[in-house]
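2 protein chains.
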Amino acid sequence: MSNIKFEVPEVVVERLPQYLRALSNLSESRVEVINSQELGDLLQITPAQIRKDFSYFGKFGKQGSGYDIKHLLKQLRQILGLHKSWNVAVVGVGRLGRSIISYPGFQPQGFRVVCAFESNTKLIGQVAGGLLVHDFANFKEVAQSEMVKIAIVAVPANAAQDVIDQLVESDIRAILNYAPKPAIVPPDVKIRNVDPVISLQSMTYYLNEKD
Amino acid sequence: MSNIKFEVPEVVVERLPQYLRALSNLSESRVEVINSQELGDLLQITPAQIRKDFSYFGKFGKQGSGYDIKHLLKQLRQILGLHKSWNVAVVGVGRLGRSIISYPGFQPQGFRVVCAFESNTKLIGQVAGGLLVHDFANFKEVAQSEMVKIAIVAVPANAAQDVIDQLVESDIRAILNYAPKPAIVPPDVKIRNVDPVISLQSMTYYLNEKD
Chain Z
1 MSNIKFEVPE
11 VVVERLPQYL
21 RALSNLSESR
31 VEVINSQELG
41 DLLQITPAQI
51 RKDFSYFGKF
61 GKQGSGYDIK
71 HLLKQLRQIL
81 GLHKSWNVAV
91 VGVGRLGRSI
101 ISYPGFQPQG
111 FRVVCAFESN
121 TKLIGQVAGG
131 LLVHDFANFK
141 EVAQSEMVKI
151 AIVAVPANAA
161 QDVIDQLVES
171 DIRAILNYAP
181 KPAIVPPDVK
191 IRNVDPVISL
201 QSMTYYLNEK
211 D
Chain E
212 MSNIKFEVPE
222 VVVERLPQYL
232 RALSNLSESR
242 VEVINSQELG
252 DLLQITPAQI
262 RKDFSYFGKF
272 GKQGSGYDIK
282 HLLKQLRQIL
292 GLHKSWNVAV
302 VGVGRLGRSI
312 ISYPGFQPQG
322 FRVVCAFESN
332 TKLIGQVAGG
342 LLVHDFANFK
352 EVAQSEMVKI
362 AIVAVPANAA
372 QDVIDQLVES
382 DIRAILNYAP
392 KPAIVPPDVK
402 IRNVDPVISL
412 QSMTYYLNEK
422 D
């Protein structure tokens with residue numbers, strides 16, 4: 001399967017967790033089978049797109065009989081590497097960083113925030129959200145010993161690029177960036193931005209229109 | 212301008228806040244002029260796409276001389292309705308809801324969280340993140356008196372659709388949904404999902420590939 005995976009477009013990979021989420025919710029509601037039309041209705045994605053996305057990974061169901069949700073969930077978790085858990089570091093323990101450390105949604109999905117970092121000497125050595133705060137200067141060493149593969153960045157906008165450069169040098173290949181500034185990373189590093197303000201700003205356009 | 216606006220595709224509207232964010236960062240760094248190539252490099256969007264997006268709203272610059280950043284920022288803020296501030300309600304004051312109320316990124320961008328709601332009677336009447344927690348049953352009345360136009364949903368997945376239906380009935384037309392479940396709304400209501408887990412899950416695919 002690994003030589004197939006290299007050809008999968010990134011937009012397809014980005015949709016897989018949405019399928020996973022919708023199917024998990026269905027499974028919790030004890031739904032056992034779903035077809036691409038019904039799944040598409042839930043996610044506002046065309047059934048043809050769903051079938052095409054799944055086709056990158058082989059056959060997930062038989063034409064006409066729909067997908068077995070439990071089987072599909074297991075396949076998707078395997079493809080996405082979610083059959084194991086991932087250790088995560090949070091960089092920046094200001095108000096935002098602390099709320100990320102305490103965010104209740106990560107652990108049940110297999111993401112364990114295991115260490116926290118700061119460059120503010122007043123915060124180093126303190127405890128934030130139950131975690132000892134390490135000096136960011138020691139990131140590489142601590143991250144390696146804690147088996148961290150993913151970093152969450154919660155530093156001010158003007159510090160973000162420097163911190164992210166340092167993470168990349170420390171062999172981090174997946175970064176979730178909460179700093180309100182896009183950052184540049186090499187092609188072999190993945191970065192995603194979490195920015196609720198951007199989401200709000202794309203809705204006020206429509207509210208404004210009506211005033 | 213209002214009859215032009217109705218024709219703007221939603222994907223274009225969703226890119227405008229990203230332009231705004233990048234231009235604000237440039238302006239803070241005292242950059243005064245930028246061309247579509249440079250802006251495209253920052254955002255990983257083609258220059259042709261940027262020029263096309265801007266063309267929906269008239270001319271923002273002269274061919275060849277680049278965009279005046281201050282002028283462009285002002286125009287974008289006006290188009291997106293960000294020249295005024297917006298009152299926001301948070302529904303659900305569990306751990307996630309309280310961290311949203313305390314999120315430091317909203318206020319500087321003109322989004323003021325002015326009231327909070329719960330249906331858990333143990334939490335109603337308490338204070339969360341400095342706000343009095345109202346009974347969600349009184350949402351419509353309180354939201355109207357507080358001039359709330361936007362709601363942020365931070366309730367458990369299984370309660371989200373009911374809460375969102377209630378918001379829609381209370382004339383809310385813009386919803387930021389932190390519940391880990393997609394919700395269905397009428398076409399005249401905008402909804403955006405904030406879900407850091409989905410973002411993490413789209414990166415583990417690439418980490419998994421290497422193991």
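Going down the list, the sequences are from chains Z and E. Using the working numbering, read the first sequence as starting at 1 and increasing by one per residue. Using the working numbering, read the second sequence as starting at 212 and increasing by one per residue. By construction, the Cβ of each residue, glycine as well, lies at the ideal position given by its N, Cα and C atoms. For clarity, every value in this text was computed on a predicted model and none was experimentally measured.
Exposure of E/Ala348, with buried meaning 16 or more beta-carbon neighbours within 10 Å: exposed
CB contact check: Z/Thr121 to chain A, cutoff 8 Å: As a matter of chain content, chain A is missing from the structure shown, whose protein chains are Z and E.
Residue burial classification, E/Ser409 (beta-carbon count within 10 angstroms, cutoff 16): It should be pointed out that residue 409 of chain E corresponds to Ile in this sequence rather than to Ser. Buried, since its Cβ has 16 or more Cβ neighbours within 10 Å.
Beta-carbon separation (whole angstroms), Z/Val90 vs Z/Val113, contact threshold 8 Å: 6 Å
Pair within 8 Å by beta-carbon distance, Z/Leu23 and Z/Leu80: no
Any chain E beta carbon closer than 8 Å to Z/Met147: no
For Z/Glu118, the first and last residue of its enclosing beta strand (DSSP E): 111-118
Cβ pair Z/Leu177, Z/Ala160 closer than 8 Å: First, the amino acid is wrong: residue 177 of chain Z is Asn here, not Leu. Closer than 8 Å, so yes.
CB contact below 8 Å: E/Asn419 versus chain Z: yes
Whether Z/Val168 touches Z/Val185 by CB criterion (8 Å): yes
Alpha-carbon spacing of E/Ala259 relative to E/Ser247, whole angstroms: 8 Å
Residues that DSSP places opposite Z/Leu132 in a beta bridge: Z/Val127
Cutoff 8 Å: E/Pro315 Cβ touching any chain Z Cβ: yes
Three or more C-beta pairs below 8 Å linking the stretch 354-365 of chain E and the stretch 293-300 of chain E: yes
8 Å Cβ cutoff met for Z/Arg30 and E/Pro315: no
Closer than 8 Å to chain Z by CB, E/Leu342: no
Test: Z/Lys140 CB closer than 8 Å to a CB of chain E: no
Chain E contact for Z/Tyr56 (CB, 8 Å cutoff): no
Cutoff 6 Å; reference Z/Gly61; Cβ partners in own chain excluding five residues on either side: Tyr67
Pick from E/Val222, E/Phe328, E/Val359, E/Leu342 that is closest to E/Val366, judged by C-alpha positions: E/Phe328
Bounding residues of the beta strand (DSSP E) (the contiguous stretch that carries Z/Ile101): Where Z/Ile101 is concerned, there is no enclosing beta strand (DSSP E), although the alpha helix (DSSP H) it sits in stretches over 95-101.
Cβ-heavy atom distance, Z/Ile184 to the ligand FAD, below 7 Å: Judged by which ligands are present, the structure shown has none, so any question about the ligand FAD falls away.
Cα-Cα separation between E/Thr332 and E/Pro391, rounded to whole angstroms: 23 Å
Beta-bridge partners of E/Arg475, as assigned by DSSP: With chain E covering only 212 through 422, there is no way to say anything about residue 475 of chain E.
Residues in the stretch 86-98 of chain Z having any Cβ partner in chain E nearer than 9 Å: Trp86, Val88, Gly94, Arg95, Leu96, Arg98
For E/Lys401 and Z/Lys84, the rounded distance between their alpha carbons: 35 Å
Neighbour flag for Z/Ala157 against chain E, beta carbons, 8 Å: yes
Euclidean distance between Cα positions of Z/Val33 and E/Gln318: 45 Å
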